[in-house]
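Q: Here it is, the structure, as structure tokens.
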Amino acid sequence: MQVKTPAKIWINGQPVECSSDITVAAALMQYQHQQTHVSVIGQPRFAVCGMGVCQECRVSINGQPHRLACQEYCRSGMVINTGFGGQ
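Mapped onto full-length UniProt numbering, the consecutive letters of the sequence shown carry residue numbers 1 to 87.
Quick look at the structure:
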């Protein structure tokens, strides 16, 4: 279980504050970033299952590509890039 503490993270180059007891997918939803990548046929994708099975919530976290946003908890200093908007 995560301990609830404030976390300052960056989503597509924009600083935001959230709680460390939520997942990156939840933080993305909270700040209206509901596209995580593009499918092989060009469709925007986002988390479907919320438990890591569908692989649709893949983002870059701290420069590491293909991280599952629904499986990662927010931590201060985390840099998240969805590939949509910003950097």
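From the three backbone atoms N, C-alpha and C, an ideal C-beta is built for every residue, glycine too. Keep in mind that this is a model prediction, so the values were computed, not measured.
Please go through the same chain and pick out, in chain order, the residues whose beta-carbon is closer than 6 angstroms to the beta-carbon of residue 88, but skip the five residues on each side of it.
A: Residue coverage of the chain in this structure runs from 1 to 87, which leaves residue 88 outside it and unanswerable.
Q: For the beta strand (DSSP E) that V16 lies in, which residues bound it at each end?
A: It spans 14-19 - the beta strand (DSSP E) in which V16 sits, taken as one unbroken run.
Q: Can you say whether Q87 is buried or exposed, counting buried as having 16 or more other CB atoms within 10 angstroms of its CB?
A: Reliability fails at Q87, whose pLDDT of 43 lies under 50, so the model's placement of it is uncertain and the value that follows must be treated cautiously. Exposed, because fewer than 16 other Cβ atoms sit within 10 Å of the Cβ of Q87.
Q: Could you give the DSSP three-state label for T82: helix, strand or coil?
A: Of the three classes helix, strand and coil, the one that applies to T82 here is coil, per DSSP.
Q: By Cβ distance, which residues of its chain are closer than 7 angstroms to G52, with the 5 residues on each side in sequence left out?
A: Cβ neighbours of G52 beyond the five flanking positions: L68, C70, Q71.
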